[in-house]
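Contents: one structure, followed by commentary.
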Amino acid sequence: MGMRMSFRDNNFQAGFSVVELMVALGLSMLLAVAVISVFTNNTHSFNQDENLSRMQDDAGFALRELSFELSMGGNYGELHLPALVTEDANLVIGTDCGPVGEVNWMYRTVDPVTDESLSITAIDNATNGAVLNAHSCFVPGEVLEGTDVVSIKRVAGAQAGTLRVGGIYLRTNGTLGLLYRAPFPAAPTVPVPVPVSDWEFRPSIYYIRQFANTAGDGIPTLCRKVLQGVGPGMATECLATGIENLQVEYGIDTDQDGQPNLFMPNPTQAEIQSAVSARIFLLARTVEIDTRYTNDKTYSISNAPDYTPGDSFHRRVFSTNVTIQNIRSLTMMGF
343 MGMRMSFRDN NFQAGFSVVE LMVALGLSML LAVAVISVFT NNTHSFNQDE
393 NLSRMQDDAG FALRELSFEL SMGGNYGELH LPALVTEDAN LVIGTDCGPV
443 GEVNWMYRTV DPVTDESLSI TAIDNATNGA VLNAHSCFVP GEVLEGTDVV
493 SIKRVAGAQA GTLRVGGIYL RTNGTLGLLY RAPFPAAPTV PVPVPVSDWE
543 FRPSIYYIRQ FANTAGDGIP TLCRKVLQGV GPGMATECLA TGIENLQVEY
593 GIDTDQDGQP NLFMPNPTQA EIQSAVSARI FLLARTVEID TRYTNDKTYS
643 ISNAPDYTPG DSFHRRVFST NVTIQNIRSL TMMGF
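With the numbering used here as the guide, the letters of the sequence shown map in order to residues 343 to 677.
What follows is the structure in structure tokens.
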């Protein structure tokens with residue numbers, strides 16, 4: 343009896359009661375919920391940090407690219423005056439990008455009617471209609487309206503080595519300049535006496551496109567039109583996604599001392615002749631939404647209308663000042 347009693351007591355003490363099982367199950371569920379909550383929050387934080395980091399990287403790259411391009415506007419190598427550039431007769435462009443009906447606008451360094459430099463031209467708070475009238479290589483609905491469009495004409499920052507067949511180059515001796523399509527023509531329109539140097543011609547038009555990869559994807563993107571190919575023709579290159587607005591204010595030198603006296607967001611082409619600096623503003627947003635965030639901030643950039651998005655994208659305004667080196671130098675020299 344003693345042995346059987348001991349056996350029954352041990353057998354009875356070896357299991358868990360229903361209450362104990364319920365408590366253990368409840369604690370396990372609470373622990374699982376806590377682990378899942380921590381994992382979800384960490385995943386959300388990681389995704390948002392990555393999203394914000396990508397936005398900052400894209401905006402920083404876009405700002406550096408625009409700053410460099412504007413600072414180089416009007417750089418024609420060793421040739422100081424745009425009016426001294428002559429277009430060779432062999433220049434044929436596949437798709438021009440000037441006003442409708444105007445041929446070879448992309449090659450022109452000065453306006454043939456006004457003699458004003460075309461090194462930098464601008465459309466303030468553009469509409470698609472205004473862009474199509476000024477630049478025939480755009481398509482309807484391509485530009486995000488209310489953003490600036492900037493055209494910049496210049497040559498590369500270093501002399502060309504081997505000439506690329508079909509590429510556009512400026513040959514100059516510092517006094518004369520001939521814009522031609524490689525190889526150099528046997529009978530150029532304007533002979534350029536030696537010693538000479540060749541510089542690759544790099545015109546571009548910067549703008550905000552309404553989409554990134556396919557029309558309707560809703561991702562605003564900083565793009566540019568550039569000369570490419572053997573033709574050559576105007577092609578589209580996109581630089582940074584999530585760029586919602588581009589605004590540029592031009593520092594105008596009114597007293598010819600090489601320093602800006604006022605900044606104008608919508609200067610005329612005549613006023614741009616005296617632009618010696620620029621303020622660049624970019625409004626960037628994340629590509630992905632943050633479901634836990636509502637953006638109710640109001641953004642005021644230059645002369646663009648105030649903007650309160652009311653959506654779930656994070657945004658930030660990036661800005662910088664840049665000296666337009668070549669126009670400033672000419673201004674200080676009295677040109």
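Just so you know, even glycine gets a beta-carbon here, dropped at the ideal spot from N, CA and C.
These figures come from a predicted structure and were not determined experimentally.
Inspect the beta-carbon positions of R523 and G503 and report whether they are closer than 8 Å.
no
The beta strand (DSSP E) with I494 in it runs from where to where?
V491 to I494
Residue environment, T636, which counts as buried when at least 16 other CB atoms sit within 10 Å
exposed
From what residue to what residue does the beta strand (DSSP E) around A617 run?
A617 to R627
Does the Cβ-Cβ distance between S413 and Q611 come in under 8 Å?
no
Smallest Cα separation from Q601: which of P525, S387, L672 and E429?
L672
Specify the secondary structure class of G558 as computed by DSSP and reduced to three states.
coil
Can you say whether E586 is buried or exposed, counting buried as having 16 or more other CB atoms within 10 angstroms of its CB?
buried
For my contact list, L433 and L521 are in at a C-beta cut-off of 8 Å; report their separation, rounded to the angstrom.
7 Å
Taking the straight line between their C-alpha atoms, what separation do you get for R566 and V485?
11 Å
Per DSSP, which one or two residues make a beta bridge with M576?
L569
Since P525 contacts L512 with CB under 8 Å, what's their CB separation in whole angstroms?
At roughly 15 Å, the Cβ-Cβ gap does not stay under 8 Å, so P525 and L512 are not in contact.
Compare the beta carbon distance of I622 and P609 with 8 Å and say whether it is the shorter of the two.
no
Mind checking whether V664 and S619 have CB atoms under 8 Å apart?
yes
Per DSSP, what are the beta-bridge partners of A464 in this structure?
V492
Let me know if N417 comes out buried or exposed under the rule of 16 or more other beta-carbons within 10 Å of its beta-carbon.
buried
Within this structure, are the beta carbons of S546 and I494 separated by less than 8 Å?
yes
Quick one: is R657 buried, meaning 16 or more other Cβ sit within 10 Å of its Cβ, or exposed?
buried
Cβ-based neighbour list, A468, same chain, cut-off 7 Å, excluding 5 preceding and 5 following
V485, E487, T489, D490 and V491
Helix, strand or coil: how does DSSP classify Q680 here?
Within the shown structure, residues of the chain are numbered from 343 to 677, placing residue 680 beyond reach of any answer.
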